[in-house]
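The structure appears below as structure tokens.
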Amino acid sequence: MSKLELKHINTTVNAGTAEEKRILKDINLTLNDGDFVTLLGTNGAGKSTLLNIINGSLMPTSGQILLDGQDITNYSEVKRTKDIAQVFQDPKMGTAPRMTVAENLLLATKRGQRRGLHLRGLDQHLDFFKQETAQLPNGLSDRLHTFVGNLSGGQRQTLSFLMATIKRPKLLLLDEHTAALDPNTSHELSELTNDVVQKQHLTCIMITHQLKDALKYGNRTIILNSGRIVLDLKNPEKSQLTEDDLLQYFAN
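Here the sequence shown is numbered in UniProt numbering, starting from 1 and rising by one per residue.
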């Protein structure tokens, strides 16, 4: 089971200064096990801030965050990585460029574990890594010993996604993870994402600016506007939405 609950989340930045701004405004949200949410909103609506609150890189000004009933509001970002994985918009984030593909994957298999001085055991994982990457686009299975810094943006982002899911997380966060890619690679990674999320029954939030992707993927669509949830529809209501329906929520 993977259930996320956000209770009365408020986020204010630059408090007490002329630049003070309230970004998230009394957010109440529950994601049940297996919910695949596509998250839409204008620039500045609070989408990335919401993910940062969940992953622990930003603390809420007030409110409570529960994961499977456990209060994680005050957990550090590092402590939350045991259960929460994220793929960022920038393909350079989330991977170590001076390590090989296989070495990056080995790190991902140890997410949330205590680190110590011992043999890393890379060779015994190579067959598994070969098998996992063979199911992906971009030819990563032939580049296990290539330094990640030498990969294309699409290969690197595909690797980031595999690293985030190779050890099943309780919650997967995708912050426009296909936005920096060319259309064909973006489509391939979107289809891969949908396939993995469905097969692993992951609880997932995916930020996108593409209305067609918001309609195509997931069982639930949420729209943020000025820090508030203005739409939250699940199937079967979601399946009846059109792009025109979504556009009306972006009007000022």
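We put the CB at the ideal spot given by N, CA and C, even for glycine.
(request) Go to K238, then tell me how far its beta strand (DSSP E) extends in each direction, as first and last residue. (result) On the sequence shown, residue 238 is found 238 positions in, with the first residue counted as 1. Unbroken run through K238: none, as it is neither H nor E.
(message) On the DSSP bridge list, what partners appear for I54?
(response) In the sequence shown, the residue the question calls residue 54 occupies position 54. Partner(s): none; I54 has no beta bridge.
(request) Quick one: residues in its chain with C-beta nearer than 7 angstroms to the C-beta of G34, no 5 flanking neighbours on either side, listed in chain order? (result) The sequence position of residue 34 within the sequence shown is 34, counting from 1. Excluding positions up to five away in sequence, the list reads H201, T203.
(message) Please tell me whether V78 and S160 are closer than 7 angstroms, where the distance is taken between their beta carbons.
(response) Taking the first residue of the sequence shown as 1, we reach residue 78 at position 78. Taking the first residue of the sequence shown as 1, we reach residue 160 at position 160. Contact flag unset, no.
(request) Look at the alpha carbon of L117 and the alpha carbon of G94, and state the distance between them as a whole number of angstroms. (result) The residue given as residue 117 occupies position 117 in the sequence shown. The residue given as residue 94 occupies position 94 in the sequence shown. Only weak support exists for where L117 lies, its pLDDT of 42 falling under 50; the coordinates are left without a value.
(request) Starting from the C-beta of Y75, find all residues in its chain whose C-beta is less than 7 angstroms away, skip the five residues before and the five after it, and write them out in chain order. (result) Counted from its first residue, the sequence shown places residue 75 at position 75. Cβ neighbours of Y75 beyond the five flanking positions: G56.
(request) Please confirm whether G218 and K25 have their CB atoms less than 7 angstroms apart. (result) As a first step, residue 218 must be located in the sequence shown, where it is residue number 218. As a first step, residue 25 must be located in the sequence shown, where it is residue number 25. No; because the gap between Cβ atoms is not below 7 angstroms, this pair is not in contact.
(message) Which of the three DSSP states is assigned to M163 in this structure?
(response) The residue you call residue 163 lines up with position 163 of the sequence shown. In the structure shown, M163 falls within a helical segment according to DSSP collapsed to helix, strand and coil.
(message) Out of A214, L105, R111, which one is the CA nearest neighbour of F129?
(response) By 1-based counting over the sequence shown, the position of residue 129 is 129. Residue L105 is the option with its Cα nearest to F129.
(message) Quick check: the Cα distance between S62 and L122, rounded to an integer number of angstroms?
(response) For the purposes of this step, residue 62 is taken as residue 62 along the sequence shown, with counting starting at 1. For the purposes of this step, residue 122 is taken as residue 122 along the sequence shown, with counting starting at 1. When only Cα atoms are considered, S62 and L122 end up about 43 angstroms apart.
(message) Once the 5 residues before and after A45 are set aside, which same chain residues still bring their CB inside 6 angstroms of it?
(response) Residue 45 sits at position 45 when you count from the first residue of the sequence shown. Closer than 6 angstroms at Cβ, skipping near neighbours: L224, N225.
(message) Taking a contact to mean a Cβ-Cβ separation below 7 angstroms, would you say E176 touches Q89 in this structure?
(response) For the purposes of this step, residue 176 is taken as residue 176 along the sequence shown, with counting starting at 1. For the purposes of this step, residue 89 is taken as residue 89 along the sequence shown, with counting starting at 1. Taking the C-beta atoms as reference points, Q89 is found nearer than 7 angstroms to E176.
(message) Taking its Cβ as the centre, do 16 or more other Cβ atoms sit within 10 Å of K212, making it buried, or is it exposed?
(response) Indexing the sequence shown from 1 puts residue 212 at position 212. Exposed, by the Cβ-count rule.
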